[in-house]
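*Asks:* Under this note's numbering, the residues of the sequence shown are numbered 65 to 141, in order. Could you have a look at this structure, given as structure tokens, before my questions?
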Amino acid sequence: MSVPPIRLDLRGVPCPLTWARAKVFLEGLATGTVVEVVTDDERSARDLPAAAEAEGYGVVKTERWGTAKAVVITIER
Numbered sequence: 065m066s067v068p069p070i071r072l073d074l075r076g077v078p079c080p081l082t083w084a085r086a087k088v089f090l091e092g093l094a095t096g097t098v099v100e101v102v103t104d105d106e107r108s109a110r111d112l113p114a115a116a117e118a119e120g121y122g123v124v125k126t127e128r129w130g131t132a133k134a135v136v137i138t139i140e141r
């Protein structure tokens, strides 16, 4: 049985604070935990996956929520 991802909603938080908050959140989790980071900041949507990978986290996928401006970046700790 797999554990559902944890959602971290950072809509309204501008880049680079999005990555700073996501990184602190991820550091407090067990290895293997999956987190869905939700952002509506275009710069964060572009830069956060690269920052996560540079820190050694696995970026599982990045997707838009339908026609909404929000982007969900799924990261494995």
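We put the beta carbon where it would ideally sit given N, CA and C, even for glycine. A quick note: this is a predicted structure, and the numbers were derived from the prediction, not measured.
Return helix, strand or coil for L74, following the three-state DSSP convention.
*Replies:* coil
*Asks:* Excluding sequence positions up to five away, which residues of its chain have a Cβ less than 6 angstroms from the Cβ of E100?
*Replies:* P69, R71, V136 and T138
*Asks:* Taking only the alpha-carbon atoms, compute the straight-line gap between D105 and A94 and give it to the nearest angstrom.
*Replies:* 27 angstroms
*Asks:* Check the C-beta distance from T103 over to A134 and give it rounded, since I have them as a contact under 8 angstroms.
*Replies:* 7 angstroms
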